[in-house]
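Novice: Sharing a structure, written as structure tokens. Questions coming.
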Amino acid sequence: MANLDARGWPVHVSANCYGMLVGVRASESSAIPALRRVLPPGAEPIGTMSVDVTYSILLGRSDEEMHIAFENDRCIAQGADLDTFLAGVESALHFSVAVGARTHLFVHAGVVGWKGGAILLPGRTHAGKSALVAALVRAGATYYSDEFAVVDDVGLVHPFARPLGIRDESGRTQRVEAATLGKIGRAPLPVRLIVATRHVPGTDWQPNPMSAGEIVLALLENTVAARARAGDAVRILSRAAATAAGLRGERGDTGPVVARILGTTD
Amino acid sequence: MNRPQLCTALCTHYLVLGETHPMYPKARQSHLLVDHVGDETIVYDEDRQEAHSLNRAASIVWHNSNGEHSVSQLSAVLAKELGVDANESMVEYALEELTRVHLLENAPDGGEPVTRRSALRRVALAGAAAVALPIVLSVVAPTPAMAASGGSNSQGQDNNHQGQNRQ
Numbered sequence: 000m001a002n003l004d005a006r007g008w009p010v011h012v013s014a015n016c017y018g019m020l021v022g023v024r025a026s027e028s029s030a031i032p033a034l035r036r037v038l039p040p041g042a043e044p045i046g047t048m049s050v051d052v053t054y055s056i057l058l059g060r061s062d063e064e065m066h067i068a069f070e071n072d073r074c075i076a077q078g079a080d081l082d083t084f085l086a087g088v089e090s091a092l093h094f095s096v097a098v099g100a101r102t103h104l105f106v107h108a109g110v111v112g113w114k115g116g117a118i119l120l121p122g123r124t125h126a127g128k129s130a131l132v133a134a135l136v137r138a139g140a141t142y143y144s145d146e147f148a149v150v151d152d153v154g155l156v157h158p159f160a161r162p163l164g165i166r167d168e169s170g171r172t173q174r175v176e177a178a179t180l181g182k183i184g185r186a187p188l189p190v191r192l193i194v195a196t197r198h199v200p201g202t203d204w205q206p207n208p209m210s211a212g213e214i215v216l217a218l219l220e221n222t223v224a225a226r227a228r229a230g231d232a233v234r235i236l237s238r239a240a241a242t243a244a245g246l247r248g249e250r251g252d253t254g255p256v257v258a259r260i261l262g263t264t265d
Numbered sequence: 000m001n002r003p004q005l006c007t008a009l010c011t012h013y014l015v016l017g018e019t020h021p022m023y024p025k026a027r028q029s030h031l032l033v034d035h036v037g038d039e040t041i042v043y044d045e046d047r048q049e050a051h052s053l054n055r056a057a058s059i060v061w062h063n064s065n066g067e068h069s070v071s072q073l074s075a076v077l078a079k080e081l082g083v084d085a086n087e088s089m090v091e092y093a094l095e096e097l098t099r100v101h102l103l104e105n106a107p108d109g110g111e112p113v114t115r116r117s118a119l120r121r122v123a124l125a126g127a128a129a130v131a132l133p134i135v136l137s138v139v140a141p142t143p144a145m146a147a148s149g150g151s152n153s154q155g156q157d158n159n160h161q162g163q164n165r166q
């Protein structure tokens with residue numbers, strides 16, 4: 000880290016990300032748009048240089064030169080393609096915030112808003128969250144996130160509206176701007192419905208209802224800081240679950256599922 | 000039935016069905032985080048990094064297991080709270096579930112563990128109402144890496160298996 004600190008950084012921003020102080024610096028003045036991209040939604044600029052974690056982005060100056068990024072002194076991304084490289088930095092930074100956030104709880108879940116309430120789709124990688132979120136937004140729901148439900152101390156869910164990452168048939172992730180699909184949420188919402196599901200091709204979706212306790216466990220099982228902040232997690236998720244119904248079951252294609260999900264909260 | 004015959008019958012009953020619960024059960028208090036949602040209890044075990052959800056019946060048994068109430072007394076409390084006939088089999092089943100997830104301080108040592116199937120059969124034979132069946136659901140709290148991945152957790156479970164919680 001001392002070696003990184005010793006070089007010049009023409010661009011440096013610091014932000015409060017849900018109670019975690021993050022610094023991001025870049026080797027080129029032209030990297031300001033890149034810095035804005037990798038900071039998480041909801042990040043609030045701060046003036047201090049004293050932060051919890053520093054991300055250093057070294058941009059290649061020619062087509063042959065690799066871009067490299069560090070989280071403190073650990074290399075977290077490198078590559079020649081700028082878009083792919085920044086996606087890697089963004090993913091690492093957002094995950095670090097999810098782990099280290101102090102004011103909010105991060106749950107791996109897709110989130111949409113519908114009729115004044117939030118619908119949460121808890122699940123980890125490859126559960127099919129992004130595709131279902133995209134389908135719900137196209138059907139009129141409001142986009143909140145395809146990756147994290149950001150829950151505050153009283154159980155309200157805040158938007159974390161970064162571009163969706165939707166896998167195509169070859170398994171490659173395509174970046175989709177939420178504005179191209181529909182509306183983007185702004186206000187925190189109470190949780191109205193949890194849908195614990197994963198995509199299994201050919202499955203007819205016949206979900207079972209979940210009790211409030213099952214809802215808490217389904218959310219806790221996908222909470223990034225579940226062990227480090229167990230007390231907060233139990234308390235916050237219990238509050239969130241108190242206002243919600245829950246459905247659990249494997250699903251096939253999104254079409255039949257979307258209508259059923261939106262109809263449940265009408 | 001004379002006294003020796005009664006003793007033999009009771010011993011046979013417990014040997015066959017596997018009596019594994021303490022006579023005066025005591026709920027564990029240490030290293031647990033407890034909250035409530037509706038009439039269910041959420042318990043986080045800091046020693047094992049596991050979270051449990053106790054339904055109303057299981058919650059009643061656990062909350063009233065103070066080391067001074069016998070199974071019979073717990074049965075009476077449960078019956079009064081749920082508005083059903085007293086049924087010691089339900090309490091015994093609850094205690095076995097609570098023992099399984101390490102929520103009792105004075106869980107018995109040794110003895111053949113009662114399988115879920117035999118316990119449920121016993122409860123059904125005793126005429127317990129299904130609505131009063133104590134249920135304890137459990138999950139392992141993920142590490143950050145586990146929460147991010149789509150693979151198995153340390154218990155070998157598929158993290159995206161949405162069909163069931165552990166029971």
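So the sequence lines, in the order shown, correspond to chains C and G.
Counting from 1, position 7 in the first sequence corresponds to residue 6 in numbering that gives the first Met the number 0; the numbering is continuous, with no gaps.
Counting from 1, position 67 in the second sequence corresponds to residue 66 in numbering that gives the first Met the number 0; the numbering is continuous, with no gaps.
We treat Cβ as the ideally placed atom computed from N, Cα and C, and that holds for glycine.
#1: Just tell me which of G/140, G/105, G/147, G/34 has its CA closest to the CA of residue 124 of chain C.
#2: Taking the CB atoms as reference points, tell me whether residue 52 of chain C and residue 70 of chain C lie closer together than 8 angstroms.
#3: If I measure Cβ to Cβ from residue 205 of chain C and keep anything under 7 angstroms in the same chain, skipping five residues before and after, which residues do I get?
#4: Less than 8 angstroms between C-beta atoms, sequence neighbours within five positions excluded: which residues of the same chain meet that for residue 70 of chain G?
#5: Whose Cβ in chain G lies nearer than 9 angstroms to the Cβ of residue 224 of chain C?
#6: Report the start-end ranges of each alpha helix (DSSP H) in the stretch 115-159 of chain C that is 4 residues or longer and not cut off at the edges.
#7: Distance cutoff 8 angstroms, beta carbons only. Does residue 110 of chain C sit that close to anything in chain G?
#8: So for residue 110 of chain C, helix, strand or coil by DSSP?
#9: Give me the chain G residues within the contact set of residue 216 of chain C, using Cβ-Cβ distance strictly less than 7 angstroms, ordered along the chain.
#10: Under a Cβ-count criterion, where at least 16 other Cβ atoms within 10 Å of its own Cβ denotes burial, should residue 153 of chain C be classed as buried or exposed?
#11: Select from the stretch 105-139 of chain C all residues with a C-beta closer than 8 angstroms to any C-beta belonging to chain G, and list them in chain order.
#12: Residues of chain G with CB closer than 9 angstroms to the CB of residue 219 of chain C, please, in chain order.
#13: Which residues in the same chain have their Cβ closer than 8 angstroms to the Cβ of residue 27 of chain G, if we skip the five residues on either side of it in sequence?
#14: Hey, does residue 83 of chain G have any beta-carbon neighbour from chain C nearer than 8 angstroms?
#15: DSSP state of residue 65 of chain G, grouped into three classes?
#16: Under three-state DSSP, which class holds residue 38 of chain C?
#17: Helix, strand or coil: how does DSSP classify residue 9 of chain C here?
#18: Per the contact definition of three or more C-beta pairs closer than 8 angstroms, is the stretch 179-195 of chain C in contact with the stretch 58-78 of chain C?
#19: If residue 54 of chain G sits next to residue 134 of chain G, beta carbons under 8 angstroms apart, how far is it from one beta carbon to the other, in whole angstroms?
#20: Looking only at DSSP bridge pairs, what is residue 69 of chain C linked to?
#21: Kindly indicate which residue of C/62, C/191, C/264 has the alpha-carbon position closest to the one of residue 117 of chain C.
#22: Does the beta carbon of residue 23 of chain C come closer than 8 angstroms to any beta carbon on chain G?
#23: Which residue or residues does DSSP assign as beta-bridge partners of residue 25 of chain G?
#24: Taking its Cβ as the centre, do 16 or more other Cβ atoms sit within 10 Å of residue 6 of chain C, making it buried, or is it exposed?
#25: Residue 58 of chain C and residue 27 of chain C - do their beta-carbons sit closer together than 8 angstroms?
#26: Is it buried or exposed, residue 103 of chain C, if we count other Cβ atoms within 10 angstroms and call 16 or more buried?
#27: To the nearest angstrom, how far is it from the Cα of residue 264 of chain C to the Cα of residue 209 of chain C?
#28: Please tell me whether residue 32 of chain G has its Cβ less than 8 angstroms away from any Cβ of chain C.
#29: Distance check for residue 149 of chain C and residue 252 of chain C, CA to CA, integer angstroms please.
#30: Along the stretch 157-181 of chain C, what residues have a CB closer than 8 angstroms to any CB found in chain G?
Specialist: Working from what's here:
#1: When G/140, G/105, G/147, G/34 are compared, the shortest CA-CA separation from residue 124 of chain C is found for G/147.
#2: The answer is yes: Cβ separation under 8 angstroms.
#3: Contacts found: 248.
#4: Hits under 8 angstroms: 20, 22, 24, 87, 90, 91, 94.
#5: Near residue 224 of chain C (Cβ distances below 9 angstroms), the residues of chain G are 143, 146.
#6: Within the stretch 115-159 of chain C, the runs of alpha helix (DSSP H) at least 4 residues long that lie entirely inside it are, in chain order, 128-137.
#7: At a cut-off of 8 angstroms, the C-beta of residue 110 of chain C has no neighbouring C-beta in chain G.
#8: If DSSP states are grouped into helix, strand and coil, residue 110 of chain C belongs with the strands.
#9: By Cβ distance, chain G contributes 50, 52, 136, 138, 164.
#10: It counts as exposed.
#11: The stretch 105-139 of chain C vs chain G, Cβ under 8 angstroms: 107, 122, 123, 124, 125, 126.
#12: Close partners of residue 219 of chain C in chain G (Cβ separation under 9 angstroms): 41, 43, 50, 138, 140, 141.
#13: Within the same chain, Cβ atoms closer than 8 angstroms to the Cβ of residue 27 of chain G are found at 101, 102, 103, 104, the five residues on either side in sequence being excluded.
#14: False, the Cβ-Cβ gap to chain C never drops below 8 angstroms.
#15: Note: residue 65 of chain G maps to strand in three-state DSSP.
#16: Three-state result, residue 38 of chain C: coil.
#17: Three-state result, residue 9 of chain C: coil.
#18: Put simply, the stretch 58-78 of chain C does not touch the stretch 179-195 of chain C. Fewer than three CB pairs are less than 8 angstroms apart.
#19: Right, their Cβ atoms sit about 4 angstroms apart.
#20: According to DSSP, which records beta bridges pairwise, residue 69 of chain C is partnered with C/55, C/74.
#21: When C/62, C/191, C/264 are compared, the shortest CA-CA separation from residue 117 of chain C is found for C/191.
#22: So no, residue 23 of chain C is outside the interface.
#23: DSSP lists G/65 as partners of residue 25 of chain G.
#24: Residue environment for residue 6 of chain C: exposed (fewer than 16 other C-beta atoms within 10 angstroms of its C-beta).
#25: Taking a C-beta distance under 8 angstroms as the contact criterion, residue 27 of chain C and residue 58 of chain C qualify as a contact pair.
#26: Residue 103 of chain C counts as buried, since at least 16 other C-beta atoms from the protein chains shown sit within 10 angstroms of its C-beta.
#27: C-alpha separation (whole angstroms): 15 angstroms.
#28: Taking CB atoms only, residue 32 of chain G has a neighbour in chain C less than 8 angstroms away.
#29: Whole-angstrom Cα-Cα distance: 27 angstroms.
#30: Against chain G - using a Cβ distance shorter than 8 angstroms - the stretch 157-181 of chain C contributes no residues.
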